[in-house]
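Its first residue numbered 1, the sequence shown is counted upward by one per residue in UniProt numbering. Everything on this sheet refers to the single structure shown next.
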Amino acid sequence: MDDIKLILKNIDLPNLANNFAEANVNNVDICKSLSDVDLSRLGIATIGDRIRFREELRRSGRRGDVTLAKILRFCTGSEEEPPLGYQIQPTMEFVERQSFLPTGNTCINKMQLTIPVNEEPTEDALFNFFDFAFCNSYFGLQ
1 MDDIKLILKN IDLPNLANNF AEANVNNVDI CKSLSDVDLS RLGIATIGDR IRFREELRRS
61 GRRGDVTLAK ILRFCTGSEE EPPLGYQIQP TMEFVERQSF LPTGNTCINK MQLTIPVNEE
121 PTEDALFNFF DFAFCNSYFG LQ
């Protein structure tokens, strides 16, 4: 339900969250199957609001797999902080280069992100690079 509340907030319709809760529309998968008539009954009456709702719904599902644990694994090789902490603290470095793909060095617990030298990619393309990097398996880790 929190995802739906965030989507409604992002399209400036937060007051409709109760309508969704009362109708048991409590997750993104259910929302994806709603027709225009269903959305109208829930209070999203205008065509523009329904379009914005569906676009935000599509956008929200893209970042679902990226978690802090996966980002930590990307730069340290572990999804959790060791009980006694890190001997080498994780760091993030911003470097100028051509590629926008983040790099991780698990030996020294460092993640490098790009400062654009050329034209900056669209936000969607940039997040696709991040998703690709953070959500893949490294060195056979599961």
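Heads up, the beta-carbon is just placed ideally off N, CA and C, and yes, glycines get one too.
Item to complete: Note the first and the last residue of the continuous alpha helix (DSSP H) segment covering Thr-76.
Response: Boundaries of the alpha helix (DSSP H) around Thr-76: 68-76.
Fill in: Residue from Leu-84, Arg-58 and Gln-89 with nearest C-alpha to Leu-72
Leu-72 has its Cα closest to that of Gln-89, out of Leu-84, Arg-58 and Gln-89.
Fill in: Where Val-28 falls: helix, strand or coil (DSSP)
Assignment of Val-28 by DSSP, reduced to helix, strand and coil, places it in the helix class.
Item to complete: Identify every residue that forms a DSSP beta bridge with Glu-96.
Response: According to DSSP, which records beta bridges pairwise, Glu-96 is partnered with Ile-115.
Discussion item. With distance defined between alpha-carbon atoms, name the residue in Glu-56, Asn-26 and Asn-105 nearest to Glu-93.
Written reply: Scanning Glu-56, Asn-26 and Asn-105 for the CA closest to the CA of Glu-93 turns up Asn-105.
Worksheet entry | Cutoff 8 Å; reference Asn-118; Cβ partners in own chain excluding five residues on either side | Within the same chain, Cβ atoms closer than 8 Å to the Cβ of Asn-118 are found at Gln-98, the five residues on either side in sequence being excluded.
Fill in: Range covered by the alpha helix (DSSP H) that runs through Asn-18
Where Asn-18 is concerned, the enclosing alpha helix (DSSP H) stretches over 17-22.
Worksheet entry | Per DSSP, the bridge partner or partners of Gly-104 | Met-111, per the DSSP bridge assignment.
Worksheet item: What whole-angstrom Cβ distance do Lys-32 and Leu-8 have, given they're in contact under 8 Å?
Response: Contact check for Lys-32 and Leu-8: beta-carbon distance about 15 Å, past the 8 Å limit, so the pair fails to qualify.
Fill in: Per-residue burial, Met-111 [other beta carbons within 10 Å of its own, 16 or more giving buried]
Under a 10 Å Cβ-count criterion, Met-111 is classified as buried, with 16 or more other Cβ atoms of the shown protein chains found around its own Cβ.
Item to complete: May I ask you to list the residues that DSSP assigns as paired with Thr-91?
Response: In the DSSP output, where bridge partners are listed per residue, Thr-91 has Lys-110.
Discussion item. Please report the distance separating the alpha-carbon of Val-25 from that of Cys-107.
Written reply: Rounded to the nearest whole angstrom, the CA to CA distance from Val-25 to Cys-107 is 46 Å.
Worksheet item: By the 10 Å Cβ neighbour count, where 16 or more other Cβ atoms means buried, how is Thr-76 classified, buried or exposed?
Response: Under this definition Thr-76 is a buried residue.
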